[in-house]
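Scroll down for the structure; my scribbles are underneath it.
Protein chains in written order, with my numbering: chain E, 1 to 530; chain U, 1 to 128.
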């Protein structure tokens, strides 16, 4: 879900540089050493062996973690009930379409006016191929998937103070950065600066590699010419017939490129989370929630606000309020799987031991804002030949995400017009939705001048104002993990927690799935022993 | 002290005045003065009127708030964070934190006249 876990931009920049300079394997080794790459450890469909003797589980929250647990625990023979605050299932797995309305904290109501078939995913919007547990549920539940375009060489990298504010094509930045580094390294090799590191025999191979990878010419220079154009594109591309001869393009000035920091945008695609192939559900991310709802929707009580969770030797009683009738109710079960975000759970009365209570209180929640914008024509395709993918910018909107579906249609299209984190996200959140959209248009128009003329309508979701969540995802620090993570995940009496906050894949649906599978596996073992 | 240094650098480099307020930096807040800092940062959750909001959980109201009587409490919350509320130690300078806490303690029905100083914030920061 995140390009920018708000932590450590410096480390990310370092990783980008390592990756861009040394290739994927060096990047991966560096990431592993820095504790960044986290593989999904999914081992195939869960097997909860043995039938529990009439045991009941109350699940709090019908997001991905709660839905997975409801599905699997019922299959294993448990009596299952689910309480959900929202009037829909899915939690952060959420899609807003035309006709939907959404009221945020503070009371601002947005009525989405997108055309039929168009949508924005305010939460997760992409699924890496290695998120095997979530993809397996999509397969088993029949959720059609299509490729999500992460890298588009014809999208832009943009910085306000670089190249007069003109966006540069990803392809050109990548070619020029690789070319610049290769030329520098080739010069060092030829001046015997690296003879301590590279043997004489390997020097020739290294020079071959640099020439190939960096598009260097016969003099090991990166400059305008056929080699550079093969990577960065032409001023006039090769054609057919009488005027077919191509004209080479001119690389960016190396120093300008370095100081522009546009190379930051190249690093994203080197990150394990964003390596191809990525997927999205056809029609919106909430297709996953709807598929689960077909299986376990009958177990879910919507509009239920949990106010107290009390366990005793025999079971767990949960007090909740029907948010429509205001009636206060109580539900009891033998066990409780609680997937409520810690931003909410830390405010709910609950009698767990001090270690779990301290863990629940130890995780601040990240700010994030997404803004969907509908334009009357898909100008990014027709005018600029950008089909899916992401433009990265240092403007507060951070990204422009182009729809990876519906290509070449004549009608309107919806862009992701902002995906803000950190201070920018707070500042967007503090505005009312109309002002957020206006700002997204103002910033986006610096990259696509067509914005003002073509804009039709927008939807802005600021996660700190989402009533069910009060924040986007749990921002663990390594120190907090060391002190609290195991206490958060351990079963406390008859209560166990699950969700992205109880995973090492924060903010991603895969973290919620794996956390849930781990929690119910341990819960089932406990039940079978008791 | 890093945020203050960067703010100073941004001003020296000639960032336009409007930019030095909202949306001035991806790493820290550039709003200056208690009212602007409250409106640009705190209002995201505590709402422009300071009354907070309630959904599945709540953002506490800051209006008529007896917990603000001793400045050390709000200073500690902003510097260290509290439960789901993040720390703002890396994104606001001592000066900004002092200004915004002074602002909240003298608005929204609060009238605590003793202004908060950057030195008080600095002391809380170093005891984190």
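We put the beta carbon where it would ideally sit given N, CA and C, even for glycine. Being a predicted model, the structure only gives us computed values, none of them experimental.
Under the 8 Å criterion on CB atoms, residue 55 of chain U is classed as interfacial with respect to chain E.
The beta-carbon of residue 394 of chain E is placed less than 8 Å from the nearest beta-carbon of chain U. Selection E:69, E:217, E:175, E:335 evaluated against residue 233 of chain E yields E:175 as nearest (Cα-Cα). Taking C-alpha positions only, residue 403 of chain E is separated from residue 282 of chain E by approximately 11 Å.
Under the rule that a run must span 3 or more residues, the beta strand (DSSP E) segments found entirely inside the region 432–481 of chain E read 455–462.
When C-beta atoms of the region 410–418 of chain E are compared with those of the region 372–381 of chain E, three or more pairs fall below 8 Å, so the two segments count as touching. Residue U:88 holds the alpha-carbon nearest to the alpha-carbon of residue 27 of chain U among U:88, U:125, U:69. Here residue 174 of chain E carries a helix assignment [DSSP, helix/strand/coil]. Cβ-Cβ distances below 6 Å link residue 170 of chain E to 153, 155, 157 in the same chain, with the five nearest sequence neighbours on each side left out; the list follows chain order. The beta carbon of residue 105 of chain U lies closer than 6 Å to those of 68, 112 in the same chain, with the five residues before and after it left out. Within 10 angstroms of the beta-carbon of residue 247 of chain E lie fewer than 16 other beta-carbons, which makes it exposed.
Excluding sequence positions up to five before and after residue 457 of chain E, its CB lies within less than 6 Å of the CB of 113, 374, all in the same chain and listed in chain order. Bridge partners of residue 127 of chain E according to DSSP: E:279. Looking at E:475, E:97, E:137, the one whose alpha-carbon comes closest to that of residue 365 of chain E is E:475.
Rounded to whole angstroms, residue 24 of chain U and residue 83 of chain E show a C-alpha spacing of 42 Å. Less than 8 Å divides the Cβ of residue 425 of chain E from the Cβ of residue 368 of chain E. When DSSP states are grouped into helix, strand and coil, residue 236 of chain E belongs to the strand group. Within the region 340–370 of chain E, 340, 341, 342, 343, 344, 345, 346, 347, 348, 360, 361, 362, 363, 364, 365, 366, 367 place their CB atoms closer than 9 Å to a CB of chain U, listed in sequence order.
Bounds of any alpha helix (DSSP H) do not take in residue 347 of chain E, whose DSSP letter is neither H nor E.
Annotated three-state conformation of residue 529 of chain E is helix, per DSSP. The contact set of residue 40 of chain U on chain E, defined by CB atoms closer than 8 Å, consists of 426, 427, 430 in chain order.
When the beta-carbon positions are compared, residue 436 of chain E and residue 460 of chain E come within less than 8 Å of each other.
Taking a C-beta distance under 8 Å as the contact criterion, residue 50 of chain E and residue 92 of chain E do not qualify as a contact pair. Using a Cβ-Cβ cut-off of 9 Å, residue 50 of chain U is close to nothing in chain E; its nearest Cβ partner there is about 12 Å away.
Using a CB distance below 8 Å, the part of the region 466–479 of chain E facing chain U consists of 466, 467, 468, 469, 470, 471, 475, ordered along the chain. Unbroken alpha helix (DSSP H) stretches of 4 residues or longer found wholly inside the region 166–211 of chain E: 170–190, given in chain order. Interface with chain U (8 Å Cβ-Cβ cutoff): residue 102 of chain E is excluded. Per DSSP, reduced to three states, the secondary structure at residue 85 of chain U is strand. Beta-bridge analysis with DSSP links residue 389 of chain E to E:402. When the Cα atoms are used, residue 454 of chain E and residue 118 of chain E turn out to be separated by approximately 16 Å.
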